[in-house]
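Counting along the sequence shown from 1, when you hit position 106 you're at 1474 in the working numbering, and nothing is skipped either side.
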Amino acid sequence: MKKNMIIMGPPGAGKGTQAKKIIASYHIPHISTGDMFREAIAEGTPLGLLAKQYINAGNLVPDDVTIGLVKERLSKDDCANGYLLDGFPRTIPQAEALEKLTKEIGREISIVISIDTPKEELIRRITGRLVCKKCGAPFHKENRRPLKEGVCDLCGGELVQRPDDNKEALEVRLAHYEQETKPLLDFYHKLGLLHTLDGMKGVDALMIDIDKLLEA
Ligand code: AMP
């Protein structure tokens, strides 16, 4: 059973949604660097203040900050029986640092799943995306509307648009993905860890593919 995982893909590919399904099935911690930064921003910590300026403009938070954060998190006891990294690594230096640190702590990556989704679909998903402020559940202005406008169906929390889910910031995020993150596909392909799945399939169909890969 492969339980030390990375889920990759451009913004809007469905990483977060799929990650929630995976952690529910496999009972492993979900390590999303984006979520960690958003929590730090909400709490107004020094990390949050630093991260906010990069995130809201669609830029990447500097590698040293992000790598330090992940190093600390992956070393915790709850990652001993597996973990799911979502949104990390996003650059080659991050991937190299991750190789080194997972070897040091004996928690090497066993599989990398990349979700491939066409650009027009990413733009449609991101610009219409709403998320619950309280539980993080995703909705969409057109094709996954909440029962009551502005209110989360699951927990009653307020639905908001992420400050970086606008067209300008999205263009910057997509450009970072193309230039800095896409080369990681080759990096993990060479390590024999990469599996690419079709992001247009739908969450449940994708989960069937993922189950097969993890259990292979
Ligand atoms: P996400 O929720 O994964 O889309 O991440 C939101 C934002 O957080 C990104 O656009 C970046 O500004 C920042 N971020 C998240 N993960 C990383 C990372 N691994 N390296 C640098 N910046 C990151």
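Cβ coordinates follow ideal geometry from the N, Cα and C atoms, glycine included.
Test item: CB-CB of residue i and residue j under 7 Å
i, j, result
"Tyr1394", "Val1480", "no"
"Leu1437", "Ile1391", "no"
"Leu1582", "Lys1370", "yes"
"Arg1475", "Asp1533", "no"
"Ile1409", "Gly1416", "yes"
"Ile1426", "Asp1484", "Here the sequence assigns Gly to residue 1426, which means Ile is not the residue at that position. No, they are not a contact pair."
"Lys1388", "Met1575", "no"
"Arg1441", "Thr1549", "no"
"Leu1443", "Gly1377", "Here residue 1443 turns out to be Ser, not Leu, going by the sequence shown. Going by C-beta atoms, Ser1443 is not nearer than 7 Å to Gly1377."
"Thr1385", "Val1571", "yes"
"His1544", "Leu1428", "yes"
Residue i in three-state terms, based on DSSP
i, result
"Arg1406", "helix"
"Glu1517", "coil"
"His1398", "strand"
"Thr1549", "helix"
"Phe1555", "helix"
"Asp1532", "coil"
"Leu1469", "helix"
"Met1575", "helix"
"Glu1526", "strand"
"Arg1512", "strand"
"Thr1564", "strand"
Whole-Å CB distance - residue i paired with residue j, under 8 Å assumed
i, j, result
"Leu1562", "Asp1577", "The pair is not a contact, with the Cβ atoms about 14 Å apart (cut-off 8 Å)."
"Glu1658", "Lys1501", "Because residue 1658 is not part of the residues shown, which for the chain are 1369 to 1584, the question remains open."
"Ile1477", "Ile1374", "6 Å"
Between the CA atoms of residue j and residue i - distance to the nearest angstrom
i, j, result
"Thr1470", "Arg1541", "27 Å"
"Asp1445", "Asp1432", "23 Å"
"Gly1504", "Lys1558", "34 Å"
"Ile1473", "Leu1466", "11 Å"
"Leu1553", "Asn1511", "30 Å"
"Pro1486", "Ala1448", "35 Å"
"Met1404", "Asn1372", "19 Å"
"Pro1430", "Gly1450", "26 Å"
"Arg1406", "Ala1419", "8 Å"
"His1398", "Val1519", "25 Å"
"Pro1506", "Cys1523", "12 Å"
"Lys1569", "Ala1584", "21 Å"
"Val1499", "Asp1579", "26 Å"
"Pro1531", "Gly1402", "13 Å"
"Gln1547", "Gln1421", "20 Å"
Same chain, Cβ closer than 6 Å to residue i, neighbours up to 5 away in sequence not counted
i, result
"Gly1380", "Leu1490, Arg1493 and Ile1494"
"Ser1400", "Asp1454 and Gly1455"
"Leu1538", "Ile1494"
"Val1528", "Lys1501"
Contact test: residue i Cβ vs ligand 3 heavy atom, cutoff 6 Å
i, result
"Gly1426", "Inclusion of ligand 3 in the displayed structure is not the case, the ligand content consisting of ligand 1 alone."
Spatial neighbours of residue i in its chain, beta-carbon cut-off 7 Å, leaving aside the 5 residues before and after
i, result
"Ile1435", "Gln1462 and Ala1465"
"Lys1439", "Leu1469"
"Ala1573", "none"
"Leu1515", "Asp1521"
Cβ-based neighbour list, residue i, same chain, cut-off 8 Å, excluding 5 preceding and 5 following
i, result
"Pro1551", "Ile1460"
"Arg1513", "Phe1507"
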